[in-house]
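Protein chains in written order, with our numbering: chain R, 6 to 194; chain A, 6 to 194.
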DNA sequence: TTGCTAGGTGAACGCTCGTTCACCTATGAT
DNA sequence: ATCATAGGTGAACGAGCGTTCACCTAGCAA
């Protein structure tokens with residue numbers, strides 16, 4: 006079995022169990038009968054940078070699952086294998102500040118299309134944050150939920166779609182801000 | 006110090022070090038001098054579901070960092086604390102299939118604005134995947150990199166912007182597909 | 001054919017782990 | 001005034017950890 010295969014088995018364990026396997030567990034994982042074999046394999050994996058040990062000498066994955074190479078700008082294109090020195094980011098950490106108050110919702114309809122938010126997109130929304138004029142908010146207006154721009158003109162608060170074929174919404178009875186949209190996620194295919 | 010505070014200190018350690026702290030490390034973290042105190046606190050945290058132990062009796066976080074409540078549709082609004090039974094998703098796992106071949110790039114310009122991709126957005130692009138007609142691709146055309154729709158008409162492959170003020174691009178010399186765009190990420194504020 | 005090496009076994013080692021004793025306070029209820 | 005209890009200390013424990021022995025073996029080079 007190749008050494009890359011070894012790494013992916015160990016990382017799979019980490020992703021599944023949220024911790025690194027012990028040497029004994031690695032032995033089972035890779036089909037060894039001795040921890041010494043594991044020790045040698047792990048040393049080699051560390052040498053090639055496929056795994057790490059932290060300052061306490063404990064095994065940790067090189068990068069968090071989900072971290073991705075972050076490159077500059079589209080114009081720069083895709084780097085070759087030779088010149089990879091890109092910064093790594095975690096999309097989760099990038100988008101989510103306060104996990105306990107953050108929700109993901111699916112967008113329905115085209116009322117925010119001019120803001121670049123399309124039917125089927127996911128919106129990341131943070132609950133319990135103060136909404137400012139111009140924020141995209143998820144709000145309850147007269148009993149129904151919707152996502153729109155929050156506007157304020159002459160002391161009147163109302164909701165404005167990002168689509169010329171829709172009209173601004175003025176609440177007749179109630180307007181409650183449920184959450185402020187902090188991010189958009191779209192997946193192709 | 007409150008028990009929630011204890012949890013967040015432990016989870017912070019996990020996020021930073023990619024592993025759970027040992028009881029000794031937790032003692033330092035929380036300012037205890039005895040591991041017994043840690044043992045009691047951890048038991049309580051497990052009881053309230055703030056932490057977990059796996060089948061081997063090892064400490065693991067309840068949910069992976071970055072997982073977020075996934076709700077139905079914008080129309081449904083934000084759930085109250087009482088009726089929370091939402092599915093959890095990891096944005097990373099949702100967007101990224103093959104981490105080794107995935108890159109994140111920053112979008113410059115407005116040439117894809119009608120596809121809902123705006124200046125400053127991040128695009129998730131997968132390298133080494135076969136591009137189909139209609140895919141959004143990052144391509145090198147006559148020496149410069151750009152992101153456009155991949156089109157094919159009468160056997161001629163060309164790039165088409167999603168903005169009426171731009172013209173389709175036909176390669177004079179070379180057209181190399183660098184990566185296929187698999188997702189979009191936008192962050193507000 | 002011989003000897004070296006990479007890659008494995010199995011046992012033993014000390015160390016650190018999480019657990020569990022007995023015990024020590026403050027604090028608040030009775 | 002007293003007592004129970006929540007929440008801490010400090011020491012001791014066995015278990016399992018990662019490491020490191022000596023040793024085995026197949027494959028390749030000389």
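Where is the CB? At the ideal position from N, CA and C, for every residue including glycine.
Environment of residue i [buried if 16+ CB atoms lie within 10 Å]
i, result
"residue 87 of chain R", "Confidence is the limiting factor: at residue 87 of chain R the pLDDT is only 42, short of 50, which leaves the residue's position unreliable, though a coordinate-based value still follows. With fewer than 16 other Cβ atoms within 10 Å, it is exposed."
"residue 61 of chain R", "exposed"
"residue 23 of chain A", "buried"
"residue 47 of chain A", "buried"
"residue 161 of chain A", "exposed"
"residue 187 of chain A", "buried"
"residue 33 of chain R", "exposed"
"residue 135 of chain A", "exposed"
Beta-carbon proximity list for residue i, same chain, < 7 Å, skipping 5 on both sides
i, result
"residue 67 of chain A", "54, 55, 56, 57"
"residue 132 of chain A", "106, 108, 183, 184"
"residue 148 of chain R", "none"
"residue 103 of chain R", "131"
Close beta carbons around residue i, own chain, < 8 Å, minus the five adjacent residues each side
i, result
"residue 174 of chain R", "146, 151, 153, 163, 164, 165, 166"
"residue 116 of chain R", "151, 152, 153, 166, 167, 168, 171"
"residue 120 of chain A", "141, 154, 167"
"residue 114 of chain A", "124"
Own chain residues within Cβ distance below 6 Å of residue i, not counting five before or after
i, result
"residue 191 of chain R", "126"
"residue 118 of chain A", "168"
"residue 143 of chain A", "130, 152, 183, 184"
"residue 31 of chain R", "43"
"residue 13 of chain A", "none"
"residue 21 of chain R", "none"
Three-way DSSP call (helix, strand, coil) for residue i in this model
i, result
"residue 183 of chain R", "strand"
"residue 53 of chain R", "coil"
"residue 131 of chain R", "strand"
"residue 168 of chain R", "coil"
"residue 103 of chain R", "coil"
"residue 138 of chain A", "coil"
"residue 11 of chain A", "helix"
"residue 87 of chain R", "Any reading at residue 87 of chain R needs caution, since the residue's pLDDT is 42, under 50, leaving its predicted position unreliable; the model's value is listed next. DSSP places residue 87 of chain R in coil when its eight states are reduced to three."
"residue 112 of chain A", "coil"
"residue 144 of chain R", "strand"
"residue 95 of chain R", "strand"
"residue 163 of chain R", "strand"
"residue 122 of chain R", "coil"
"residue 188 of chain R", "strand"
"residue 38 of chain R", "coil"
"residue 154 of chain A", "strand"
"residue 29 of chain R", "helix"
Under 8 Å between C-beta atoms of residue i and residue j
i, j, result
"residue 189 of chain A", "residue 94 of chain A", "no"
"residue 97 of chain R", "residue 16 of chain A", "no"
"residue 40 of chain R", "residue 28 of chain R", "yes"
"residue 25 of chain A", "residue 64 of chain A", "yes"
"residue 138 of chain R", "residue 157 of chain R", "yes"
"residue 35 of chain R", "residue 19 of chain R", "no"
"residue 101 of chain R", "residue 193 of chain A", "no"
Is the region 97-115 of chain R close to the region 164-181 of chain A, with three or more CB pairs under 8 Å? no
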